[in-house]
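A short write-up of the structure that comes next.
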Ligand SMILES: [Cu+2]
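Residue numbers (this note's numbering): 8 to 463.
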């Protein structure tokens with residue numbers, strides 16, 4: 008189940024760089040014809056080397072499928088409809104694109120709009136930047152502003168969300184080779200023959216076709232208002248991102264030597280608060296806490312006070328991974344292919360501890376800040392964030408299949424301010440449910456397959 012939650016700024020209307028006439032949500036997602044429980048079991052079973060490829064894609068929950076492509080399914084698209092976005096002529100319109108899917112990257116274009124303006128990324132306004140398309144890994148959001156001043160426009164055009172199928176780990180089979188989801192954009196408000204029900208006849212005249220599975224021009228966007236990143240990082244953590252094949256041929260996501268297996272009976276937050284209340288000093292460790300948490304299952308990085316944290320994501324997998332940090336915005340300082348070239352390359356001292364030359368501060372001047380950032384296959388990304396939000400925060404690949412296979416970890420922030428916090432009784436009770444109840448919807452335990460390396 009997915010839905011949009013838009014947090015409006017009080018002064019949002021005044022801050023609009025362009026006075027848009029409408030503000031609409033466009034949720035884009037991949038779509039599977041089988042429930043996730045079965046797909047998850049299949050994708051985690053021995054010998055399975057890649058995540059399941061989706062059967063289709065939807066825009067705001069709708070699309071019209073060609074049943075001839077699904078001969079083995081009971082398929083009736085006679086009642087199917089496209090989502091429709093009505094845009095009045097002679098103005099600007101804001102479309103909030105959200106990739107709410109599990110796996111697919113999308114490239115979004117609109118016919119007869121060879122350029123639109125990207126004006127917001129993951130909730131952060133940027134100086135409007137013309138782009139021919141928006142490239143979106145799972146979890147990312149972009150606002151685009153389109154203009155409808157052009158009189159010669161047809162009455163309706165297609166909004167297209169193309170699945171970037173080359174970003175999948177495997178080639179889709181023909182029945183799953185879905186190219187794009189479509190929605191109707193209707194231009195309204197001019198006195199001309201109404202074409203109310205007619206579908207657009209426009210072709211994809213925007214010939215963009217992005218093949219690289221990586222963040223859009225991260226260094227070119229200018230957040231507004233500007234906010235510099237701290238020049239000095241208290242800690243720099245290197246995270247080796249990989250997918251590894253282990254015992255019983257089980258393929259799992261890893262961050263360093265850790266593959267995340269949460270304790271469903273006892274969430275990290277509960278253990279931390281209980282430990283602090285008992286004055287158990289293993290919960291007071293700074294940095295990677297290997298005393299209170301078993302790092303093979305739970306990689307937990309803990310800080311007592313507000314600190315500036317760097318993460319170097321070094322991807323040893325050929326697949327891209329879009330990482331999402333809960334509760335914080337990340338400054339994306341740099342990213343690239345191959346090995347991280349070292350801090351000095353960006354004018355920073357070793358471990359990110361300040362600028363080499365204070366006159367040369369462009370790396371931290373006003374970097375993109377966002378909460379989902381992709382690291383390309385065999386590439387790296389340098390992230391900086393201020394751990395100022397007390398709590399336990401997940402940091403995970405936003406490809407659902409990867410996070411469920413273990414590509415996740417947690418940050419505990421401002422632990423010293425969490426002393427005295429208590430877990431509400433209702434939350435405690437949720438964890439007291441029988442194990443089989445807690446395991447509903449969760450990935451099967453690895454032990455399900457022990458002794459069955461042939462996949463049975
Ligand atoms: Cu991933």
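Glycine included, C-beta positions come from ideal geometry on N, C-alpha and C.
As the structure is a computational prediction, the values presented were derived from the model and not from experiment.
CA-to-CA distance, residue j to residue i, given in whole angstroms
i           : j           : result
residue 7   : residue 370 : Because the chain spans 8 through 463 in this model, residue 7 falls outside it and cannot be assessed.
residue 100 : residue 458 : 58 Å
residue 372 : residue 335 : 19 Å
residue 211 : residue 36  : 20 Å
residue 45  : residue 156 : 49 Å
residue 11  : residue 167 : 20 Å
residue 414 : residue 245 : 15 Å
residue 326 : residue 225 : 19 Å
residue 344 : residue 85  : 47 Å
residue 68  : residue 165 : 16 Å
residue 404 : residue 304 : 16 Å
residue 162 : residue 148 : 28 Å
residue 438 : residue 241 : 35 Å
residue 79  : residue 62  : 13 Å
residue 4   : residue 377 : The chain is shown only over 8 to 463; residue 4 falls outside these bounds and no answer can be derived.
residue 107 : residue 145 : 6 Å
residue 105 : residue 128 : 10 Å
residue 429 : residue 223 : 42 Å
residue 19  : residue 152 : 15 Å
residue 25  : residue 381 : 29 Å
residue 406 : residue 329 : 7 Å
residue 76  : residue 192 : 26 Å
residue 333 : residue 267 : 16 Å
residue 347 : residue 239 : 19 Å
residue 154 : residue 22  : 18 Å
residue 16  : residue 122 : 27 Å
residue 219 : residue 433 : 46 Å
residue 30  : residue 427 : 43 Å
residue 445 : residue 126 : 41 Å
residue 138 : residue 289 : 50 Å
residue 351 : residue 448 : 46 Å
residue 299 : residue 417 : 13 Å
residue 8   : residue 364 : 49 Å
Within 7 Å, strictly: CB atoms of residue i and residue j
i           : j           : result
residue 103 : residue 50  : no
residue 130 : residue 28  : no
residue 38  : residue 64  : yes
residue 170 : residue 111 : yes
residue 265 : residue 306 : yes
residue 422 : residue 309 : yes
residue 134 : residue 231 : yes
residue 409 : residue 379 : no
residue 375 : residue 194 : no
residue 236 : residue 391 : yes
residue 342 : residue 354 : no
residue 142 : residue 114 : yes
residue 66  : residue 190 : yes
residue 425 : residue 397 : yes
residue 256 : residue 53  : yes
residue 119 : residue 159 : no
residue 175 : residue 60  : yes
residue 419 : residue 399 : yes
residue 383 : residue 186 : no
residue 116 : residue 95  : no
Distance cut-off 6 Å: residue i Cβ against heavy atoms of ligand 1
i           : result
residue 328 : yes
residue 388 : no
residue 406 : yes
residue 409 : yes
Residue i Cβ short of 6 Å to ligand 3 heavy atom set
i          : result
residue 63 : Ligands displayed in this structure: ligand 1; ligand 3 is not among them.
Quiz item: At a cut of 8 Å, does the stretch 317–324 reach the stretch 382–394 through at least three beta carbon pairs?
Solution: yes
Quiz item: Touch check for the stretch 309–320 and the stretch 211–231: three-plus C-beta pairs under 8 Å?
Solution: no
Quiz item: Should the stretch 351–371 be called in touch with the stretch 260–273, which here means at least 3 C-beta pairs below 8 Å?
Solution: no
Quiz prompt | Three CB pairs or more closer than 8 Å across the stretch 276–288 and the stretch 247–258 | solution = no
Quiz item: Can we say the stretch 83–92 touches the stretch 284–298, given the rule of at least three CB pairs closer than 8 Å?
Solution: no
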